[in-house]
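Peer 1:
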Amino acid sequence: MSNTSGGILRPLARIRGGVEAMHQKAGSDIVTVDMPIPDTVVIPMSQSIGAPCDPLVKPGDHVDVGQKIGDSQRPVSAPVHASVSGTVKSVSEVHLANGMISKAVTIESDGLMTTSEEVRVPVVKSFDDLIHAVRECGLVGLGGAGFPTHAKLSSAFSGTTKVDTLIINAAECEPYICVDNRECIEHPQDILNGIEALQKWCGFEQVIIGVEDNKPKAFDTLKRIAESDDEADDRIKLMALRSHYPQGAEKMMILVTTGRKVPPGKLPSDVGCVVMNVQTVAVLGRYLETGMPLVTRSVTVDGTAVGKTMNVRVPVGTNIQQLIDFCGGFTKTPKKILFGGPMMGIALSYTDAPVCKQNNAILAFADGPEIDTEEKDCIRCGRCAAACPMNLVPAEIERYTKIRNLEGLQAAGVTVCMECGSCAYHCPAKRALVQYMRLGKQLLREGAQKK
Ligand code: SF4
Ligand code: SF4
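Read in order, the letters of the sequence shown are residues 141 to 591 in this note's numbering.
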């Protein structure tokens with residue numbers, strides 16, 4: 141049976157469990173605005189899952205926008221670039237919002253935003269050229285994962301399995317966050333350009349853009365742009381997905397868009413797929429047209445403690461507190477500040493940290509369900525197991541974590557947990573289940589190192 145209706149694909153599967161999330165997409169119709177150029181940016185050398193970069197500049201150096209200021213010889217790493225023009229004030233260690241410490245280059249802006257001479261439109265005539273360009277762009281997964289995109293593409297095409305499908309992830313299933321939605325509405329041509337390059341040089345046989353049905357404007361805009369391009373209409377298919385968290389997780393996207401299941405411990409390429417966040421593809425499209433690497437990023441700022449819900453494009457390295465101030469500051473004392481969404485975001489204890497490439501939201505709450513986290517005893521209701529899209533039994537994993545039972549953790553499958561938070565969301569006892577999952581994985585890693 142065909143899964144196409146009027147040129148629009150229908151999902152091929154549904155995910156198990158998850159959350160019929162409170163969407164809270166107050167920012168979905170709010171146009172992205174540019175933040176005024178900050179006086180200073182702090183650009184971390186560690187902005188991806190991968191090796192940190194080594195600084196290429198020293199205090200006193202002049203830098204321009206788009207100039208490479210950090211790089212690494214390690215294969216899984218992405219270079220970093222100056223996001224403002226000005227003078228390097230220091231190269232020192234700073235605290236990042238995720239609690240890590242990273243070397244960072246602090247640049248005092250001259251207010252001119254002079255473009256670097258290094259910024260040149262890349263020449264792409266082969267797959268290798270594309271991978272080189274993606275690397276030079278400093279591109280990482282902008283949906284929050286932060287994996288270097290060149291490494292993802294290289295590894296996908298280095299195996300023996302034929303990779304035939306590119307899935308563009310525009311699900312943005314996490315509540316509050318609206319930046320992917322705005323990218324689709326505001327920059328559909330960049331998305332199309334990025335897709336065309338990926339398809340041409342990677343040889344994907346099909347491209348599926350998955351958009352959840354709570355983003356009708358994004359869907360319509362992408363549909364129009366695909367239809368306006370006769371070739372694109374044939375090659376690029378849109379799929380309307382029922383809004384359901386955590387459908388935007390990589391393995392879930394593959395399941396619903398293709399019906400293929402990624403086995404535990406395997407990668408999307410093992411089932412012939414590459415999944416890319418829609419903003420990542422748009423940045424690639426812009427880079428191939430302009431040569432300007434990844435030096436800005438869009439961030440949704442929202443929550444009951446924030447003055448104004450906004451989508452803001454900021455130079456990478458902008459101070460989080462300055463971003464919050466630009467959005468009206470805190471109008472109530474925040475009891476919880478999150479870097480990312482309420483399901484997978486990281487709680488912040490300080491806001492004097494820089495925005496990094498992979499950061500898509502800053503949320504601050506003074507009240508509401510997001511801050512109700514007082515743990516009570518487990519009542520063995522089983523709701524966490526029913527909610528888990530990966531078929532795990534989170535309460536059991538919590539027990540194994542507490543007693544440090546590594547065999548039990550392995551057998552219970554903690555390593556396949558994607559930390560989506562669906563179990564914790566449904567837990568009436570407010571157990572900090574995701575933290576137990578993370579700790580359980582950490583125990584297994586430590587156990588493996590001791591062997
Ligand atoms: S949902 Fe919470 S209370 Fe219920 S079994 Fe799971 S951990 Fe226990
Ligand atoms: S156990 Fe992991 S994958 Fe399952 S619901 Fe909880 S966080 Fe998500």
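Backbone N, C-alpha and C define an ideal beta-carbon position, used for all residues, glycine too.
1) If you compare alpha carbons, which of Thr471, Met379, Arg523 and Gly334 is closest to Thr121?
2) Keeping to the same chain, check which residues put their C-beta closer than 7 angstroms to that of Glu510; ignore five residues upstream and five downstream.
3) When the Cα atoms are used, what is the spatial distance from His235 to Ser249?
4) Could you round the C-beta distance between Leu395 and Ile155 to whole angstroms and report it? I think they count as a contact, below 8 angstroms.
5) For Val261, which residues of its own chain have a beta-carbon under 8 angstroms away from its beta-carbon, when the five flanking residues on both sides are left out?
6) Identify which residue in Val441, Gln346 and Cys277 has its Cα closest to the Cα of Asp304.
7) Can you name the start and end residues of the alpha helix (DSSP H) that Gln582 belongs to?
8) Please classify Ile177 as buried or exposed, where buried requires at least 16 other C-beta atoms within 10 Å of its C-beta.
9) Pull up the distance between the alpha-carbon of Lys472 and that of Gly443, whole angstroms please.
10) State yes or no: is the C-beta of Leu395 nearer than 6 angstroms to some heavy atom of ligand 2?
11) Can you tell me which of Asp194, Asn309, Glu160 and Gly485 puts its alpha carbon nearest to the alpha carbon of Lys243?
12) So is Tyr576 buried or exposed if we call it buried at 16+ other beta carbons inside 10 Å?
13) Tell me whether the segment 156 to 175 and the segment 381 to 390 touch, counting them as touching only if at least three CB pairs, one residue from each stretch, are closer than 8 angstroms.
14) Look at the Cβ atom of Gln498, then the Cβ atom of Gly286, and state whether they are nearer than 7 angstroms.
15) Can you list every residue whose CB sits closer than 7 angstroms to some heavy atom of ligand 1, going in chain order?
16) Exposed or buried, what is Pro328 when buried is set at 16 or more other beta-carbons lying within 10 Å of its beta-carbon?
17) Any heavy atom of ligand 2 closer than 6 angstroms to the Cβ of Leu579?
18) Taking only three categories from DSSP, how would you classify Thr300?
19) Taking the beta strand (DSSP E) that Ile502 falls in, what are its first and last residues?
20) What are the residues that DSSP puts in a beta bridge with Pro288?
21) At a cut-off of 6 angstroms, would you count Cys313 as near ligand 2, judging by its Cβ distance to the nearest heavy atom?
22) To the nearest angstrom, how far is the alpha carbon of Ser266 from that of Ser186?
23) My guess is that Cys467 and Val435 are in contact by the Cβ rule of under 8 angstroms, so how many angstroms apart are they, rounded?
24) Can you grab the Cα-Cα spacing for the pair Ser295 / Val402, in whole Å?
25) Does the beta-carbon of Pro568 have 16 or more other beta-carbons within 10 angstroms, so that it is buried, or is it exposed?
26) Any heavy atom of ligand 2 closer than 6 angstroms to the CB of Leu549?
27) To the nearest angstrom, report how far apart Val197 and Gly283 are at their CA atoms.
28) With 16 other CB atoms within 10 Å as the buried threshold, where does Gly167 fall?
29) To which residues does DSSP link Arg453 through a beta bridge?
30) Thinking C-alpha only, which one of Val245, Ala535 and Lys570 is nearest Glu514?
31) Are there any heavy atoms of ligand 4 lying less than 6 angstroms away from the beta-carbon of Gln582, as far as the coordinates show?
32) Using only CA atoms, which one of Gly469, Asp465, Phe470 and Val439 lies nearest to Pro455?
33) Assuming contact is defined by CB atoms lying nearer than 7 angstroms, are Ile493 and Ala237 in contact in what I supplied?
34) Going by DSSP, what residue range makes up the alpha helix (DSSP H) through Thr420?
35) If you drop the 5 nearest sequence neighbours on each side, which residues of the same chain put their C-beta closer than 6 angstroms to that of Ser188?
36) State the DSSP-derived secondary structure class of Phe267, mapped to helix, strand or coil.
Peer 2: Quick look at the numbers:
1) Look at the range of the chain in this structure, 141 to 591, and you will see that residue 121 is not part of it.
2) Closer than 7 angstroms at the Cβ level, and outside the excluded window around Glu510, lie Lys476 and Pro482.
3) Using only the alpha carbons, I get a separation of about 21 angstroms.
4) The Cβ separation is near 6 angstroms, so the contact holds.
5) Excluding its 5 nearest sequence neighbours in each direction, Val261 has C-beta neighbours in its own chain below 8 angstroms: Leu428, Glu429, Thr430 and Gly431, listed in chain order.
6) Closest by alpha carbon: Gln346.
7) From DSSP, the alpha helix (DSSP H) with Gln582 extends over Leu573 to Lys590.
8) Per the 10 Å Cβ criterion, buried.
9) If I take the Cα positions, the gap works out to 10 angstroms.
10) No, since every heavy atom of ligand 2 falls outside the 6 angstroms radius drawn around the Cβ of Leu395.
11) Ranking Asp194, Asn309, Glu160 and Gly485 by CA distance to the CA of Lys243 puts Asp194 first.
12) Burial call: buried.
13) Taking a contact to require three or more Cβ pairs closer than 8 angstroms, the segment 156 to 175 and the segment 381 to 390 qualify as touching.
14) Yes, the pair counts as a contact, with Cβ atoms nearer than the cut-off.
15) Working through the chain, the matches are Cys518, Ile519, Arg520, Cys521, Gly522, Arg523, Cys524, Ala525, Pro534, Ala535, Glu538, Cys563, His566, Cys567, Pro568, Ala569, Arg571 and Leu573.
16) The residue in question, Pro328, is buried, as its Cβ has 16 or more Cβ neighbours within 10 Å.
17) For Leu579, the shortest separation between its Cβ and any heavy atom of ligand 2 does not lie below 6 angstroms.
18) The DSSP-derived three-state label of Thr300 is coil.
19) Ala501 to Phe505 is the span of the beta strand (DSSP E), which, as asked, contains Ile502.
20) Looking at the DSSP assignment, Pro288 forms a beta bridge with Val280.
21) Cys313 Cβ: outside cutoff for every heavy atom of ligand 2.
22) Distance between the alpha carbons of Ser266 and Ser186 is about 29 angstroms.
23) Val435 and Cys467 do not touch by the CB rule: their CB atoms are close to 21 angstroms apart, not below 8 angstroms.
24) Whole-angstrom Cα-Cα distance: 16 angstroms.
25) Residue environment: Pro568 is assigned as exposed (fewer than 16 neighbouring CB atoms within 10 Å of its CB, all protein chains considered).
26) Because no heavy atom of ligand 2 lies under 6 angstroms away, the Cβ of Leu549 does not count as near it: no.
27) So the two alpha carbons sit approximately 29 angstroms from each other.
28) So Gly167 counts as buried.
29) According to DSSP, which records beta bridges pairwise, Arg453 is partnered with Asp174 and Ser438.
30) When each option's Cα is compared against that of Glu514, the closest is Lys570.
31) In terms of ligand content, the structure shown lacks ligand 4 and carries ligand 1 and ligand 2 instead.
32) Measuring from the Cα of Pro455, the nearest candidate turns out to be Val439.
33) In the sequence on display, residue 493 carries Ala and not Ile. Judged by beta-carbon spacing, Ala237 lies within the 7 angstroms limit of Ala493, meaning their Cβ atoms are closer than that value.
34) For Thr420, the enclosing alpha helix (DSSP H) stretches over residues Val418 to Thr430.
35) Sequence-distant Cβ neighbours of Ser188 in its own chain, meaning closer than 6 angstroms and more than five residues away, are Ala218, Val280, Gly286 and Pro288.
36) Of the three classes helix, strand and coil, the one that applies to Phe267 here is helix, per DSSP.
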